[in-house]
Amino acid sequence: MYVYDAFDRTLVAERVAEFRDQVARRLSGELTEEEFKPLRLMNGVYLQLHAYMLRIAIPYGTLSSAQLRKLAYVARKYDRGYGHFTTRQNLQFHWIKLEELPDAMGALAEAGMHGMQTSGNCVRNITTDQWAGVAPDELEDPRTWAELIRQHVTLHPEFSFMPRKFKIAVGASHHDRAALRIHDLGLRLHRNGAGESGFEVMVGGGLGRTPFLAKTIKPFLPKRDVLSYVEAVLRTYNQFGRRDNIYKARIKILVHELGAEAFAKEVEAEWQSIKDGALALDPAAVSEIAGRFVYPDYERLDDGPPELAQARRADARFAAWMGNAVDNHKVPGYAIVTLSLKPEGGTPGDATAAQMDAIADLADRYSFGEVRVGHEQNLTLPHVAQRDLPDLWRALDAIGVATPNVGLVSDIIACPGLDYCSLANARSIPIAQEITRRFSKLDLQRDLGRLHINISGCINACGHHHVGHIGILGVEKNGEEFYQITLGGKADSDAKLGALVGPAVPYAKVADVVEDIAAAYLELRERPDELFIDTVKRIGVEPFRERVYAAR
Amino acid sequence: MTSPLEQKIRITGPVVVTANRVGDGAVVYRRADGGWTTRLAGAAVTTSAATARELIKEAVADDLRAVGPYIAPVRLSPAGELLPGNLRETIRLGGPTIDLPVTFGI
């Protein structure tokens, strides 16, 4: 866990007091909506279809049990008893009242949480690998760097009014779990040929109306220079990014139009002038931030305790869950556990206040009080002793978060869609729910293997449909919901945008088409262990189109 | 964003003016007497562009009570009941089309 200091606490408390005053002035009529809107957005307050929505940042996806309990409290007292974990490691409350928002924010501030920079044309919540600090394939904990950048850009006046929002992700593992290539700026820690660690810098990624994968503009950046280089990227974007057209304002358009090489040249020129100044990192300052990530006092344990093998033999359901939701930890005798927020027929990413409280208690008992949020809209307990897995599983199963479907066809990423969102053209959640019902048999899901379905209810692509193995995009045609379906997208280290498989299909037919795509894959794969995404890569979308659309 | 007053009003059927209530964001409809109601049945309905323009003008001026007013289509059921004119408005009036997690039972 990261331990906030008095400076952080004061900043958050002052913001609550300021917002309380702004809300009072809005309610009294002293502020018009036109004046108030930018102020509320700076605190993550949107207006959705039915109510205001509060988006709360969960920096680098790390939550303490106390913070999760506070989210449960706010859900219960100020919302409708649940919250929605998003694809950017945030949490959204969808029914919050403006009149009660200052009190809700005050409660969140008690646990060091806020909605600052979860909206507006600033640097948004900085995301990372939900397994940061515990993944065996990790070079070092990327959260140190995410936190360092977070501190630098929080309320930074130069970067508070950029052409458009700016999303940064940091990763440090061989396997990219942070979707770096679909961010405005992706930073990947790795080692160069000389064995030194530094960052690969990728810019100009993003989904939405015009999707692009980020291009590498610097293959190796020494760690001491990360802040100055990030600042040079932001400054270059701020200077050259378009402000005349919202659809062309993101950095991806600038990088595309200038060309990655020319953009890199501009950044380099700016960087050369600042790299040896105040932003050159002092190793002592970096160590101080790293030191504030407090790691658990792990016991000395061995991998594979006998009671675990016994429990696996004794209970097939436990064995299935173990094989699906439990991953290797860098410390012997421990495991990383993913909690599925994707029950059959449920809303992807939703958790009730009761679940949050229960998970907080389980985190205290089994995971040193720590919980993580992943961009796939699931939660993680990052430090579980392997011997505790059977007991933990029983407790998770009892609260509905032990569906053994992590990474499988029913582990669907979905935005709130037209059921909540004022930007959406079509619904996402009921499509996801119907698909989970169609694939309710776990044997079928396991046979299909790793298969990611991502659903967005509009072109803004909050559900990351472009990078779903099967991507589903809702559009509106003559007042009806239609869905475009793409195949072959992925957000990992070999990121790719999906290709359209055929004409858009109506709402009632989407699950049928997904079933047909799955059936086509079973027919087309070369061998049982060829993953869906590898089959699409090998043969393209045409054979799927022939099979799925021929009869339609 | 274009102000609702500057938007071209094209009306092909009955419409109402709708917005969200300032204090809690609830969906509200402009009444004929200048107030707001959460009941669609209480909304001022018009098929005239001029009346719609007048309704939206008054609604925009009422910034203290309602946010983001706009003109939304409605239709009449065979029984004469006033219904939202499209899916978006149906969801705004009736709420999400899915069970909320607390009712889903988890």
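If you read the sequences in order, they're chains A and B. All the letters of the first sequence, read from the start, carry residue numbers 3 to 554 under this note's numbering. All the letters of the second sequence, read from the start, carry residue numbers 502 to 607 under this note's numbering. Built from N, CA and C at the ideal position, the CB exists for glycine as well.
Look at Leu29(A): its C-beta is under 8 Å from a C-beta on chain B. DSSP places Gly210(A) outside any beta strand (DSSP E), giving it a letter other than H or E. Leaving aside the five residues that flank Glu101(A) on each side, the residues in its chain whose CB is nearer than 7 Å to its CB run, in chain order, Leu29. Just so you know, the alpha carbons of Gln69(A) and Glu112(A) end up roughly 9 Å apart.
Under the Cβ criterion of 8 Å, Leu584(B) is not counted among the residues facing chain A. The Cβ-Cβ distance between Leu475(A) and Phe534(A) does not fall below 8 Å.
Checking the DSSP bridge columns, you'll see Asn330(A) partnered with Ala337(A). A check of alpha carbon separations from Asn127(A) across Glu198(A), Gly63(A), Trp133(A) and Val232(A) identifies Gly63(A) as the nearest.
For Ala527(B), the chain A residues whose C-beta falls within less than 8 Å of its own C-beta are His52 and Ala53, listed in chain order. In this structure, the alpha-carbon of Arg244(A) lies about 27 Å from that of Val477(A). Between Pro307(A) and Gln388(A), the beta carbon gap of about 6 Å places them in contact (Cβ cut-off 8 Å). Within the segment 556 to 572 of chain B, contact with chain A at the beta-carbon level (separation under 7 Å) is assigned to Asp564, Leu565, Val568 and Gly569.
In summary, the residues of the segment 81 to 114 of chain A whose CB is separated from some CB of chain B by less than 7 Å are Arg82, Gly83, Tyr84, Lys99, Leu100 and Glu101, in the order they occur in the chain. Excluding sequence positions up to five before and after Phe441(A), its CB lies within less than 6 Å of the CB of Val411, Ser412 and Gln447, all in the same chain and listed in chain order. Less than 8 Å divides the Cβ of Leu182(A) from the Cβ of Ala216(A). In the three-state scheme derived from DSSP, where H, G and I count as helix and E and B as strand, Gln94(A) is classed as strand.
The beta carbon of Gly504(A) is closer than 6 Å to those of Arg547 and Tyr551 in its chain, skipping five residues each way along the sequence. Lys254(A) and Asp227(A) have their C-alpha atoms spaced approximately 23 Å apart. Within the segment 515 to 542 of chain B, the residues whose Cβ lies closer than 8 Å to any Cβ of chain A are, in chain order, Asn521, Val523, Gly524, Asp525, Gly526, Ala527 and Val528. Exclusion of the five residues before and after Ser67(A) leaves Ala362, Ala365, Asp366 and Gly371 as the residues of its chain whose Cβ lies within less than 6 Å of its Cβ. The Cβ-Cβ distance between Val543(A) and Leu489(A) falls below 8 Å.
In the DSSP secondary-structure assignment, Tyr571(B) is bridged to Thr519(B). With the rule of 3 Cβ pairs closer than 8 Å, the segment 545 to 558 of chain B does not count as touching the segment 76 to 87 of chain A. Of the residues Leu420(A), Cys460(A) and Ala318(A), the one whose Cα lies closest to the Cα of Trp395(A) is Ala318(A). Collapsing the DSSP output to three states places Gln153(A) in a helix.
Looking at Ala497(A), Leu502(A), Ala137(A) and Ala353(A), the one whose alpha-carbon comes closest to that of Tyr485(A) is Leu502(A). Going by beta carbons, Ala266(A) and Ile219(A) fall inside the 8 Å limit. With a cut-off of 8 Å on Cβ pairs, the segment 332 to 349 of chain A is in contact with the segment 429 to 441 of chain A, counting three or more such pairs. Judged by DSSP secondary structure, Lys479(A) falls within the beta strand (DSSP E) whose first and last residues are Ile472 to Lys479.
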